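Protein chains in written order, with UniProt numbering: chain Y, 1 to 252; chain L, 1 to 252.
Here's the structure we're looking at; comments come further down.
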DNA sequence: CCGATTTTGTTCTCACGTTCACAAGCTCCT
DNA sequence: AGGAGCTTGTGAACGTGAGAACAAAATCGG
Ligand SMILES: NC(=O)c1ccc[n+]([C@@H]2O[C@H](COP(=O)([O-])OP(=O)(O)OC[C@H]3O[C@@H](n4cnc5c(N)ncnc54)[C@H](O)[C@@H]3O)[C@@H](O)[C@H]2O)c1
Ligand SMILES: NC(=O)c1ccc[n+]([C@@H]2O[C@H](COP(=O)([O-])OP(=O)(O)OC[C@H]3O[C@@H](n4cnc5c(N)ncnc54)[C@H](O)[C@@H]3O)[C@@H](O)[C@H]2O)c1
């Protein structure tokens, strides 16, 4: 019989068949690469080929795939279709997930018009907005509906994923409504930190943050000699009201 | 005098005043939290307060800030305005960075209409598209210009950041053009892995990947008993052409 | 049938990131 | 002036992630 294994120090703590978070974040990239190879009529690919297509190093790719099982063939590589199916199954996109989008402004419109979600395992079942002048507008096949209908829609369409594209102000309130209605995964575009109860997953997309990270590295490239002098902290910390205005604004 | 320090084992390798990547990614969040506190009229905040506002743990926040210098006061906390300025300076958003957006479709329109960049250290100097029927269209204060004008614009406006919102197909080509024109930081929305030479930074935003990560966790929440059986690999790997179609599509 | 060749799956080691815990330093009150 | 009470800055421990390296397994040619 199998002896009760004591955890080796350094081994990642992971529940049965749990996959490291860093790996989970790369699986969709592999899935996309496999789909591209498949569309090019390629039936088999080595870890090196796949790693190149996915923009990662091949050892990392092999280790990532090894968490799913042994789906390759030594000396040969991976069967593209088979591996694609296995990854899709592991991620959970062999069937479609129902999604609602809340806040049909600039960004909400763009998402609603985007055809890429359908081919990647998601089905947008409702576009919701609180603005009465938007309700009833047609976008592609869909019609904008009133945010008040949220609970009904979530319940009848088994919606588990919500996307927030409202301004920052109402975002927490919208988030709470989504959670109360039964949504357990949220993708947030509003520039604000949302708090959710345990059991609800939240991810954020923040374009200003991405640009600011680029700006940081850009600044170092262009030579730090160009940096302004560090103003020293005065003896008293008061009287600092007239510093130059700086980026980092809050709000919609 | 300062003795030449030999690297302690375990200490992160970092060039003079270099900041760990994970910290750099959080500084914009702190900046936003500080701006919010400042707008609420709060002049001083403890690491605990700030950490709550930024959605991180306070030890992490203190360690992150310690890479910038000692800007707090023991027993008191941090001066909100002063710290905000220091972080903005470190990120490099005390002045605006010029940005071009390439591909003015659904997403490009949304970004062009977004007012949030201006208040966070960025100035959109041009909207570019290859489609002649779009060139000349007015969006807010700006007019869509021909992609062919790229080089001229980059040179005359000292543009160092480019945003790609074209379909996946032309994205690499557009990327190469941007780099050749002198752009050294790129934010990519197209679902494709771009390759760039050393010295050019690239970040990607991929909504389908975000949703798929949520789907993975969602699947585990709803009980794995619901998972389809794992199909076994047949003795030969051929003849696998009729697997169910799965999410992960490629293309625009 | 066997050895050469290819490529996976995994182990080992090092680097990076997070969190705890506490001494050092500042303010305020008596 | 001196001690009580906070809060920062950081050393040290721990956990996670990345990559090099290699043994194991499969194919293929002779
Ligand atoms: N547009 C962009 O390119 C862009 C870029 C980065 C970040 N963002 C962020 O994304 C979010 C949306 O941006 P946008 O430009 O689309 O804004 P927007 O103002 O155009 O649209 C917001 C929509 O949300 C709706 N709304 C407001 N309160 C609501 C509520 N309580 N319930 C339901 N709907 C509500 C409004 O009616 C409006 O239609 C903002 O938080 C913004 O900061 C947008
Ligand atoms: N719209 C969304 O919500 C959304 C969501 C996720 C990802 N994306 C991705 O973002 C990108 C843009 O999406 P979209 O919906 O705005 O697409 P879109 O088709 O509406 O717009 C693309 C624009 O790029 C322009 N273009 C094409 N080739 C070009 C070239 N070589 N040079 C310059 N311009 C060129 C086109 O003329 C068009 O205006 C796509 O890669 C898409 O996969 C979009």
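Note that beta-carbon positions come from the ideal geometry of N, C-alpha and C, so glycine has one too.
Bear in mind that the values here come from a model prediction, so they are computed numbers and not experimental data.
Inspect the beta-carbon positions of residue i and residue j and report whether they are closer than 8 Å.
i	j	result
residue 81 of chain Y	residue 27 of chain Y	no
residue 205 of chain L	residue 184 of chain L	no
residue 42 of chain L	residue 203 of chain Y	no
residue 194 of chain L	residue 210 of chain Y	no
residue 196 of chain L	residue 102 of chain L	no
residue 127 of chain L	residue 147 of chain L	no
residue 190 of chain Y	residue 164 of chain Y	yes
Tell me whether residue i is buried or exposed, calling it buried when 16 or more other Cβ atoms sit within 10 Å of its Cβ.
i	result
residue 39 of chain Y	exposed
residue 108 of chain Y	buried
residue 120 of chain L	buried
residue 35 of chain Y	buried
residue 144 of chain L	buried
residue 140 of chain L	exposed
residue 166 of chain Y	buried
residue 93 of chain Y	buried
residue 132 of chain L	exposed
residue 208 of chain Y	buried
residue 64 of chain L	buried
residue 72 of chain Y	buried
residue 198 of chain L	exposed
residue 162 of chain L	buried
Give the DSSP-derived three-state secondary structure of residue i in the structure shown.
i	result
residue 42 of chain L	coil
residue 114 of chain L	coil
residue 128 of chain L	strand
residue 185 of chain Y	strand
residue 157 of chain L	helix
residue 140 of chain Y	coil
residue 119 of chain L	helix
residue 206 of chain L	coil
residue 77 of chain L	strand
residue 101 of chain L	strand
residue 64 of chain Y	helix
residue 91 of chain L	helix
residue 192 of chain L	coil
residue 19 of chain L	coil
residue 163 of chain Y	strand
residue 176 of chain L	helix
residue 226 of chain Y	Here residue 226 of chain Y scores only 46 on pLDDT, less than 50, and its place in the model should not be relied on; the value that follows carries that caveat. DSSP places residue 226 of chain Y in helix when its eight states are reduced to three.
Just the Cα atoms here: how many angstroms apart are residue i and residue j?
i	j	result
residue 220 of chain L	residue 150 of chain L	47 Å
residue 60 of chain Y	residue 111 of chain L	34 Å
residue 160 of chain Y	residue 99 of chain Y	7 Å
residue 171 of chain L	residue 156 of chain L	24 Å
residue 260 of chain L	residue 30 of chain Y	One cannot answer for residue 260 of chain L here, as it falls past the ends of chain L, which runs 1 to 252.
residue 53 of chain Y	residue 153 of chain Y	39 Å
residue 66 of chain L	residue 21 of chain L	14 Å
residue 322 of chain L	residue 217 of chain L	Limits of chain L in this structure are 1 at one end and 252 at the other, which puts residue 322 of chain L out of reach.
residue 48 of chain Y	residue 58 of chain Y	5 Å
residue 23 of chain L	residue 51 of chain Y	27 Å
residue 179 of chain Y	residue 88 of chain L	34 Å
residue 83 of chain L	residue 215 of chain Y	18 Å
residue 97 of chain L	residue 117 of chain L	10 Å
residue 177 of chain L	residue 130 of chain L	13 Å
residue 70 of chain Y	residue 62 of chain Y	10 Å
residue 134 of chain L	residue 37 of chain L	42 Å
residue 18 of chain Y	residue 123 of chain Y	26 Å
residue 86 of chain Y	residue 77 of chain L	51 Å
residue 44 of chain Y	residue 75 of chain Y	12 Å
residue 192 of chain L	residue 168 of chain L	6 Å
residue 222 of chain Y	residue 158 of chain L	12 Å
residue 138 of chain L	residue 104 of chain Y	21 Å
residue 55 of chain Y	residue 25 of chain L	21 Å
residue 79 of chain L	residue 46 of chain Y	55 Å
residue 136 of chain Y	residue 142 of chain Y	9 Å
residue 9 of chain Y	residue 68 of chain L	Confidence at residue 9 of chain Y is low in this model, with a pLDDT of 39, below 50, so its placement is unreliable and the value that follows should be read with caution. Whole-angstrom Cα-Cα distance: 33 Å.
Hey, would you say the C-beta of residue i is under 7 Å away from at least one heavy atom of ligand 4?
i	result
residue 104 of chain L	Among the ligands present in this structure, namely ligand 1 and ligand 2, ligand 4 is not found.
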